[in-house]
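Below: the structure, in structure tokens.
Residue numbers (my numbering): 1 to 335.
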């Protein structure tokens with residue numbers, strides 16, 4: 001079965017649940033009309049004074065851009081993917097807050113009308129969200145590949161590379177990693193829920209490097225390296241930056257030139273990711289997400305290493321806190 005048909009069948013049920021859907025049929029129709037137009041009305045190229053018909057699309061080797069198609073295709077794709085990613089992030093965050101809530105938070109959720117679900121229901125909902133994220137990522141990849149094939153260009157690849165900066169590359173969402181870790185954390189208490197699309201999740205250690213992975217009906221295998229590229233160790237107290245890269249919290253604070261007391265929100269907006277060197281408008285560190293589920297998973301998977309890092313970082317944290325309050329006291333006393 002072709003991916004487009006499989007995607008439509010999968011999303012048919014999700015539409016009834018108000019899941020935003022990527023309109024693959026509509027986008028493919030735009031590209032089909034574009035190809036037909038370029039084949040039936042080829043553009044003539046003159047040395048000087050060329051007059052372009054605005055209703056004609058591009059032809060091979062003429063331009064990397066198609067003014068007619070780009071005015072419809074990319075805006076539609078951007079709008080739909082923004083809705084998909086926004087919905088996924090919101091649902092994933094809500095699910096994880098429900099799972100991690102305790103004490104007063106749990107009471108507030110109960111009074112707010114959100115009835116607590118059992119672990120099996122939480123696992124099923126989390127797996128559904130992960131499948132939704134990955135299948136939409138594959139859909140984005142395939143429609144952009146189709147665009148490049150029709151237009152003999154690389155604009156689809158360029159758009160895909162910009163998608164991460166525009167926060168519509170769903171595979172780089174921190175909530176996807178959190179949901180995968182969440183599923184493994186709960187799986188120890190319950191049997192895995194079978195799925196026709198999504199394979200099981202695994203946390204493996206290859207040559208000492210922790211890898212979080214899953215796959216979707218042999219179309220895509222997602223591997224997330226959980227090694228901090230700053231200290232070159234398994235991420236401890238992990239945080240995910242706006243660009244999607246995961247680091248140790250203390251390593252991030254050191255790179256951003258802030259103390260643990262001030263936190264990453266005190267980092268300058270011009271600070272770049274230490275790995276990809278990308279710069280975001282509101283700062284790559286300010287929008288960092290604390291990976292609570294991933295923290296729980298790694299602490300259970302490598303307890304000896306976790307205990308060692310906990311002891312060493314406790315000393316550093318106490319030292320930074322002491323220096324911070326000493327500086328505050330000196331500033332208060334005017335010394």
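Glycine included, C-beta positions come from ideal geometry on N, C-alpha and C.
- Message: Please report the straight-line C-alpha distance between residue 313 and residue 141, rounded to a whole angstrom.
- Response: Each residue's CA atom was taken as its position, placing residue 313 and residue 141 some 41 Å apart.
- Message: On the CB-based measure, 16 or more other CB atoms within 10 Å of its CB, does residue 13 come out buried or exposed?
- Response: Residue 13 is exposed by the Cβ-count criterion.
- Query: For residue 73, does the count of other Cβ atoms within 10 angstroms reach 16, so buried, or fall short, so exposed?
  - Reply: Using a 10 angstroms sphere on the CB of residue 73, the tally of other CB atoms reaches 16 or more, which defines it as buried.
- Item | 8 Å contact criterion, which residue 168 and residue 85 should meet: CB distance rounded | Their Cβ separation, rounded to whole angstroms, is 5 Å, which keeps residue 168 and residue 85 in contact under 8 Å.
- So, do the stretch 157-176 and the stretch 76-90 have three or more beta carbon pairs nearer to each other than 8 Å? Taking 8 Å as the limit for Cβ pairs, the verdict is that the stretch 76-90 does touch the stretch 157-176.
- Through-space distance from residue 237 to residue 247, alpha-carbon basis: Between residue 247 and residue 237, the C-alpha separation is close to 8 Å.
- Which residue's Cα is closest to the Cα of residue 321: 263, 285, 305 and 156? Nearest C-alpha to residue 321: 263.
- Range of the contiguous beta strand (DSSP E) that encloses residue 202: Element bounds for residue 202: 202-206.
- Message: Assuming residue 246 is part of the beta strand (DSSP E), what are its boundary residues?
- Response: In the DSSP assignment, residue 246 falls within the unbroken beta strand (DSSP E) covering 246-248.
- Distance between beta carbons of residue 130 and residue 179, contact taken as under 8 Å: The pair is a contact, with the Cβ atoms about 5 Å apart (cut-off 8 Å).
- Touch test, the stretch 225-237 against the stretch 298-316, Cβ-Cβ under 8 Å, three pairs minimum: Enough Cβ pairs lie closer than 8 Å, so yes.
- Query: In this structure, does DSSP put residue 77 in helix, strand or coil?
  - Reply: Residue 77 falls in the helix class under three-state DSSP.
- Query: Residues in its own chain within less than 6 Å of residue 27 by CB, not counting five upstream and five downstream?
  - Reply: Once the five neighbours on either side are set aside, the close Cβ partners of residue 27 are 143.
- Message: For residue 328 and residue 256, I'd like the C-alpha separation in whole angstroms.
- Response: Cα-Cα distance, rounded: 20 Å.
- Query: Does DSSP classify residue 209 as helix, strand or coil?
  - Reply: The answer is strand: DSSP assigns residue 209 an E or B state.
- Can you give me the Cβ contacts of residue 146 inside the same chain, cut-off strictly under 7 Å, excluding the 5 residues immediately before and after it? Contacts found: 28 and 31.
- Does DSSP classify residue 44 as helix, strand or coil? Low confidence applies here, because residue 44 scores a pLDDT of 41, under 50, leaving its location unreliable and the question unanswered by this model.
- Task: Sort out for me which residues DSSP pairs residue 215 with in a bridge.
- Result: DSSP output for residue 215 lists 221 as bridge partner(s).
- Message: Restricting to Cα atoms, I'd like to know which of 285, 101 and 76 is closest to residue 25.
- Response: Among 285, 101 and 76, the Cα nearest to that of residue 25 belongs to 76.
- Query: Considering residue 228, what are the terminal residues of the alpha helix (DSSP H) in which it resides?
  - Reply: First-last for residue 228: undefined, no H or E at that position.
- Message: Looking only at its chain, what residues have a beta carbon closer than 8 Å to the beta carbon of residue 96, apart from the 5 residues adjacent to it on each side?
- Response: For residue 96, same chain residues with a beta-carbon under 8 Å away, outside a window of 5 residues either side, are 175, 178, 179, 182, 292 and 293 in chain order.
- Nearest to residue 276 (by Cα), restricted to the options 127, 242 and 269: Residue 242 is the option with its Cα nearest to residue 276.
- Query: In terms of residue numbering, what span does the alpha helix (DSSP H) encompassing residue 329 cover?
  - Reply: Secondary structure note for residue 329: its alpha helix (DSSP H) is the uninterrupted segment 303-333.
- So, using beta-carbon positions, are residue 201 and residue 224 closer together than 8 Å? Not closer than 8 Å, so no.
- List the residues that DSSP assigns as beta-bridge partners of residue 240. When beta bridges are read from the DSSP output, residue 240 appears opposite 246 and 289.
- Message: Is the beta carbon of residue 286 closer than 8 Å to that of residue 269?
- Response: Between residue 269 and residue 286, the CB-CB gap stays under 8 Å.
- Message: Closer than 7 Å to a non-hydrogen atom of the ligand HEM - does that hold for the CB of residue 275?
- Response: Because no ligand of any kind appears in the structure shown, any question about the ligand HEM cannot be addressed here.
- For residue 234, which three-state DSSP category applies? It is a strand residue.
- Burial state of residue 150, where buried means 16 or more other Cβ atoms lie within 10 Å: By the 10 Å Cβ count, residue 150 comes out buried.
- Message: Helix, strand or coil, according to DSSP, for residue 268 in the structure here?
- Response: Of the three classes helix, strand and coil, the one that applies to residue 268 here is coil, per DSSP.
- Query: Can you name the start and end residues of the alpha helix (DSSP H) that residue 277 belongs to?
  - Reply: Here residue 277 belongs to no alpha helix (DSSP H), and DSSP marks it neither H nor E.
- Helix, strand or coil: which one does DSSP assign to residue 256? Coil, per DSSP.
- Item | residue 101 - DSSP class collapsed to helix/strand/coil | Residue state for residue 101 is assigned as coil, using DSSP reduced to three classes.
- Along the alpha helix (DSSP H) that carries residue 177, what are the first and last residues, could you check? Residue 177 -> alpha helix (DSSP H) spans 174-187.
- Task: Out of 80, 128 and 156, point me to the one whose CA is closest to residue 17's CA.
- Result: When each option's Cα is compared against that of residue 17, the closest is 128.
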